[in-house]
Structure formats: structure tokens, C-alpha cells
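Peer 1: Okay, here's the structure, questions in a sec.
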Amino acid sequence: MPELPEVETVANGMHARVAGERIVRIWTSGKPQTFKTPEAELTQALTGSAIESVRRVGKTIVMTVSGKKQAVEFLIHLGMTGRLLVCDSGQPMAPHTHAILTLADGREVRFVDPRRFGRLSIHKPSEKKPDAPASYTGPGREPLTISADDFVALFRHRKTPIKAALLNQSLLHGVGNIYADESLFRAGIRPRRQAGRLTRDELLRLRKALIEVLRQAIKLGGSSVSDYVDADGVRGFFQLQHKVYMRGGEPCLVCKTPIQRITLAGRGTHFCPNCQH
DNA sequence: AGAAGGACCTGCACGC
DNA sequence: TGCGTGCAGGTCCTTC
């Protein structure tokens, strides 16, 4: 569920609340699918270490902790329904809690994920190539910092629909179903258009719309469609700004034409047949 | 090479 | 009430 703005909100919130804290104890649920790194190894890597920073890379939350010998990175991918929360130890444990990090001051960081598409893992910087780009970074570019020319070049010669290209994490990081639909609406481009056939002008419009939508969503704490909450359990507000996402059959807010819903790249896709060409 | 489709999970809203 | 269906913010693997 969480896309770039939601992951950014959670990562920033976590950083503000837990940077500098020591992890004294780990509990894990024993659901093997959740743990890309085996639970014993994860527990070993985190117990007794101090949290240096928490940041977002693509849709991954990267928690850097000072290990006994070297700093390691604790990677949290929220999947569709993952939540990362800071709470007091007295709080009752929510169903589908899969990991709890107890901090030295008694608070806890909890990972809760009903559908279990989320993944937890430990990444150790390579000793041979400590400066090598981390594997979780992937080849995709960050949409908030990519230049206009590089953005246009990403889609050149691609026959795939522009929406599928936006969702492809090896091209762009962090764009998911909501922000793909919303940015295409704001750019006036139909989701099925072949990426490689968009004009430079259209792609520049798309980049501008995507950056605007992502920035505004970060400002509003992300989109809470059903169960997304930030590190304090607080919902976001960008869902109130959705123009097409999950509005199939409802009138377009600009021209009143019913919003159309199709399936594209296996995902529900929403657009205005009048405003988007 | 690259794209479609199914698989992985639980929960909820809907219709009968 | 209760069941069956379809759908949900993501990604990975297989197939074509």
C-alpha cells in the first residue's frame, strides 16, 4: 500500500522519534515469510546496537544501526499493509504484529502487517567495496531529484503503457498505483498510452505533475486509503486530494464526465476519458 | 527483452 | 446470518 510519500512520512517520523536510541531486545513472530534475513541473524544484528538514522530509499525504510564492528542497515519494506509504529510497552499487541524492537527508554518499535507482503532484512555493507551502491537501491531513479532530460530518456523506445512504466521500480523509485493514476490525471495523459510515443512536452508535464503530487502528499502525511498510518499511528490526508484513484463511476471533478476504471498491468486504473488524451 | 498473469496473504464490502 | 466473490497502497516468478 504505501508508496513514496507514505514511506517518507513513516521514515521521517521514525527518525525524529528513535534516532540515538539503543535497541535492547528483539521479539519476532516466527512467520518465516516476513523475514528475508533469518530471524536469529536479524536479532543478533540488532540487539544492543544504537539507531543512528532512519531514511527512505524508494519504498524501503532504511534504519542504520551501529553494529558491534560496523554499521549495518535494517531494511523494512511495508508491502501493501505494513505499519511501523513507535509506542509504549504497555500497549496491547495488535493482531499480525511480526516484530518488536524494545528501546532502552522502554518504548517499542513495532512492525504490524496483516497481509504479510512486507519484508524485513539486514543489509551489511560489503567489506571489499564499502562504497558500492547497496543492492536494495536498484537501478531506478528518485522521481523528486531526476532531471527533466533524464526523465524523458527513461521512457524512450518503450512500448509498454505509460502507467506500467511509472510502476516499474527499476525505472523510477517509489511510484505506486495511487500516484501513477493521480499524476497521469494531472498531466492529462491516458494510462494506456505507449510510453515511447509520448511527446517530450507530455513527459515534461508528467514529471511536473508527479513531483507536485508527491510533494503535496508528503506535506499532507501521505494517503490513508484503508489502514495506512504514520509512526505515531496518525492517518494521512492526501486521500482527500485524490481526483481519480478509486473514483470509478463518479463524476470528474473538472468536467463531470464519469471516471473510467480499467485493469492495466494487473492493477485497478482510473482516468477521466474527457480530460486525459 | 519485455510484458502479461498468477502467486503470495488477510480483511472488508457487497450481493444473494 | 452466512457464504461466495471481488477487490485492496507491492513485488516476484513463470510463461509466452
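Just remember that our numbering sits 358 ahead of the position in the first sequence, which is counted from 1. Where a beta carbon is used, it is the ideal one built from N, C-alpha and C, also for glycine.
#1: D463: buried (16+ other C-beta within 10 angstroms of its C-beta) or exposed?
#2: Which whole-angstrom value describes the C-beta separation of Q527 and G546, a residue pair presumed to lie in contact below a C-beta threshold of 8 Å?
#3: Which one or two residues does DSSP pair with R626 in a beta bridge?
#4: How many angstroms separate the CA atom of H456 from the CA atom of Y537?
#5: According to DSSP, simplified to helix, strand and coil, what is T367?
#6: Start and end of the alpha helix (DSSP H) containing D446?
#7: Closest to G594 by CA distance: which of I576, K601 and Y603 is it?
#8: Is it right to say L598 is buried, meaning 16 or more other beta carbons lie within 10 angstroms of its own, or is it exposed?
#9: Spatial neighbours of M372 within its chain, please: C-beta separation below 8 Å, excluding the five flanking residues on both sides.
#10: Count the C-beta pairs between the segment 423-432 and the segment 399-409 that are closer than 8 Å, then say yes if the count reaches three, no if not.
#11: What is the residue span of the alpha helix (DSSP H) that R558 lies within?
#12: Cα-Cα, which of C630, A623, P390 and P501 is closest to I520?
#13: Less than 6 Å between C-beta atoms, sequence neighbours within five positions excluded: which residues of the same chain meet that for L436?
#14: Within 10 angstroms of the Cβ of E399, are there 16 or more other Cβ atoms? Answer buried if so, exposed if not.
#15: Which whole-angstrom value describes the C-beta separation of S584 and L564, a residue pair presumed to lie in contact below a C-beta threshold of 8 Å?
Peer 2: Quick look at the numbers:
#1: Here residue 463 refers to the residue found at position 105 when the first sequence is read from its first residue. Under this definition D463 is an exposed residue.
#2: As a working mapping, residue 527 is identified with position 169 in the first sequence. As a working mapping, residue 546 is identified with position 188 in the first sequence. Incorrect: roughly 25 Å between the Cβ atoms, too far for contact.
#3: Taking the first residue of the first sequence as 1, we reach residue 626 at position 268. In the sequence as displayed, the identity of residue 626 is Gly instead of Arg. DSSP output for G626 lists T621 as bridge partner(s).
#4: Translated into the one-based positions of the first sequence, residue 456 becomes position 98. Translated into the one-based positions of the first sequence, residue 537 becomes position 179. The alpha-carbon atoms of H456 and Y537 are separated by roughly 28 Å.
#5: Here residue 367 is taken as the residue at index 9 of the first sequence, counted from 1. Helix, per DSSP.
#6: Counting from one through the first sequence, the residue named residue 446 turns up at place 88. D446 -> not in any alpha helix (DSSP H); beta strand (DSSP E) instead, spanning R441 to D446.
#7: For the purposes of this step, residue 594 is taken as residue 236 along the first sequence, with counting starting at 1. The candidate whose alpha carbon is nearest that of G594 is I576.
#8: Position 240 of the first sequence holds residue 598. Classification for L598: exposed.
#9: Here residue 372 refers to the residue found at position 14 when the first sequence is read from its first residue. Around M372: V412, I419, M421, L442, V444, V467 and A589.
#10: yes
#11: Taking the first residue of the first sequence as position 1, residue 558 is located at position 200. First-last of the alpha helix (DSSP H) with R558: R558 to K577.
#12: Position 162 of the first sequence, counted from the first residue, corresponds to residue 520. The residue with the shortest Cα to Cα distance from I520 is A623.
#13: If you number the first sequence from 1, residue 436 lands on position 78. Excluding sequence neighbours, L436 sits near P360 and G476.
#14: Numbered from its first residue, the first sequence carries residue 399 at position 41. So E399 ends up on the exposed side.
#15: The sequence position of residue 584 within the first sequence is 226, counting from 1. The sequence position of residue 564 within the first sequence is 206, counting from 1. The pair is not a contact, with the Cβ atoms about 27 Å apart (cut-off 8 Å).
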